[in-house]
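In terms of our numbering, the sequence shown is residues 3 to 322. The structure under discussion appears below in the form of structure tokens.
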Amino acid sequence: MTDNLLEIKNLDVVYRSQKNVFGGESLVYAVNNVSLDIKKGEILAIAGESGCGKSTLAKTVMKLVTPERGEILFEGNNISNLSDFYKKVQIIFQNPYSSLNPKMKIGEILKEPLEINTKLKKDEIQTIVEDKIQKVGLDKNVLNLYPHEFSGGQRQRIAIARSLILSPEFIIADEPVSALDVSIQAQIINLLKQLKEDFNLTFLFISHDLSVIKYISDRIAVMYLGEIVEIGLTEEIFSNPKHPYTKALLSAVPELNPADEKERIHLTGELPSPENIPQGCKFHTRCPYVMDVCKTTHPENIKFSDNHSCKCFLYDNCVV
Ligand code: SF4
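Structure (structure tokens):
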């Protein structure tokens with residue numbers, strides 16, 4: 003019996019551009035051979051630069067994007083066969099300004115999923131809605147107001163309340179605080195941590211902000227050009243990062259990375275476009291340790307412990 007709530011196996015997501023005048027099309031591998039397990043009750047964070055495929059991965063798990071290859075299992079069952087999937091899995095989007103219907107009152111927004119997905123009576127629905135809005139730190143009087151009457155932080159609280167309304171087990175949080183003022187971000191992160199305990203939730207947490215990830219996550223998967231290049235316990239990734247790309251991400255946040263200046267890796271060059279993914283190790287065009295083999299051969303996963311692994315030729319001769 004596995005304690006994994008979600009399992010992603012060999013997932014590829016490919017975007018196809020429109021056919022050109024010669025009938026050709028270009029393929030963009032937004033997610034490339036990703037495999038991940040998320041244990042019940044944990045917060046797994048996906049870190050990486052914009053454009054690395056984090057949000058595409060989130061949308062694919064949410065069944066908003068169809069994968070080219072691979073499968074996603076929830077409680078051991080393929081998500082495409084689960085009729086009650088959206089009762090169990092919910093998403094919090096980045097932008098609380100566009101994720102709430104401006105023409106609906108907050109009460110209507112929160113009632114809608116219950117009216118569509120359950121046979122509960124009106125007064126039972128009202129009780130759940132009032133309970134959930136208070137759980138996110140807002141008064142039940144806000145149910146009669148419209149989204150435009152709230153600040154960004156309050157709107158994100160409402161979006162979080164909506165994500166909880168069907169009592170899901172698993173929540174995907176896709177950059178949930180990056181559109182908010184810094185002063186509000188900590189409040190929302192603390193709220194998510196509290197809700198995780200109160201409702202026994204499991205999270206896939208997407209963020210480009212390593213300070214936020216360090217604070218909230220149990221494990222981190224680092225993504226580069228659609229691929230997981232390193233995964234490990236949060237503490238281990240921060241204290242003993244292995245992959246040069248992970249080290250470079252940490253070097254960009256000096257307060258999180260106390261290494262000497264000479265040990266820091268400063269990223270050079272732009273993230274290659276997904277249409278022109280480099281051969282071999284995808285990071286070789288920016289890696290200060292690049293070797294000939296990196297330019298032609300794709301590195302395999304090297305395991306350092308049960309919880310920590312990375313894809314890099316620097317560790318090929320490691321004794322595990
Ligand atoms: Fe750098 Fe080579 Fe490791 Fe890629 S495989 S991260 S290019 S050393």
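Every residue gets a Cβ at the ideal spot worked out from N, C-alpha and C, and that includes glycine. These numbers come from a predicted model, not from an experiment.
inquiry  = Buried or exposed for His245, going by 16 or more other Cβ atoms inside 10 Å?
reply    = buried
query = So, do the segment 100-110 and the segment 189-207 have three or more beta carbon pairs nearer to each other than 8 angstroms?
reply = no
key: Three-pair Cβ contact test at 8 angstroms for the segment 84-97 versus the segment 122-141   = no
request  = Confirm the yes/no value for this check: CB of Pro280, any heavy atom of the ligand SF4, distance under 7 angstroms.
outcome  = no
request  = Within the same chain, show all residues whose beta-carbon is closer than 7 angstroms to that of Glu31, passing over the 5 residues directly before and after it, in chain order.
outcome  = Note that residue 31 corresponds to Tyr in the displayed sequence, not to Glu. Asp14, Val16, Gly228, Pro276 and Ile279, listed in sequence order.
task = Quick one: grab the DSSP three-state call for Cys312.
result = strand
query = Can you tell me where the alpha helix (DSSP H) with Arg266 in it begins and where it stops?
reply = First-last for Arg266: undefined, no H or E at that position.
ask   = Any idea what DSSP makes of Ser82, helix, strand or coil?
value = helix
key: Endpoints, beta strand (DSSP E) assigned at Gln92   = Val91 to Ile94
query = Are the Cβ atoms of Thr204 and Phe172 separated by less than 8 angstroms?
reply = yes
inquiry  = Using C-beta distances below 6 angstroms, list every residue in its chain close to Arg71, excluding the 5 sequence neighbours before and after it, in chain order.
reply    = Asp14
query = Could you give the C-beta distance for Leu8 and Phe95, rounded to a whole number, given that I count them as a contact under 8 angstroms?
reply = Rounded, the Cβ-Cβ distance is 19 angstroms, inconsistent with contact.
Extent of the continuous beta strand (DSSP E) to which Asn12 belongs = Asn6 to Arg18
key: Buried or exposed (CB count within 10 angstroms, at least 16 for buried), Gly78   = exposed
Burial state of Gln156, where buried means 16 or more other Cβ atoms lie within 10 Å = buried
task = Using beta-carbon positions only, say whether Ala223 and Ile48 come within less than 8 angstroms of one another.
result = yes
request  = Could I get the ranges of all uninterrupted beta strand (DSSP E) runs contained in the segment 182-242, with 3 residues as the minimum, in chain order?
outcome  = 204-209, 221-226 and 229-235
key: Among Ser85, Glu151, Gly43 and Glu126, nearest to Lys105 - alpha-carbon criterion   = Glu151
ask   = In terms of residues, what are the limits of the alpha helix (DSSP H) holding Glu171?
value = Per DSSP, Glu171 belongs to no alpha helix (DSSP H) and is neither H nor E.
request  = Go through its chain and collect everything with a Cβ distance to Thr287's Cβ below 8 angstroms, but skip five positions before and after it.
outcome  = Gly271, Pro274 and Pro280
Cβ contact check for the segment 50-69 and the segment 289-301: 3 or more pairs under 8 angstroms = no
inquiry  = Is Leu316 close to the ligand SF4? I mean its beta-carbon at under 7 angstroms from any heavy atom of the ligand.
reply    = yes
ask   = Skipping 5 residues on each side, what residues in its chain have a beta carbon closer than 7 angstroms to that of Asn202?
value = Gly43
inquiry  = Give me, in chain order, the residues of the same chain whose beta-carbon lies closer than 7 angstroms to that of Ser219; leave out the 5 immediate sequence neighbours on both sides.
reply    = Ile45, Leu46, Ala47, Phe207 and Thr236
ask   = Of the residues Ala161, Val138 and Gln196, which one's Cα is nearest the Cα of Tyr148?
value = Ala161
Pair within 8 angstroms by beta-carbon distance, Val214 and Lys313 = no
request  = Please indicate yes or no: does the CB of Tyr291 lie closer than 7 angstroms to some heavy atom of the ligand SF4?
outcome  = yes
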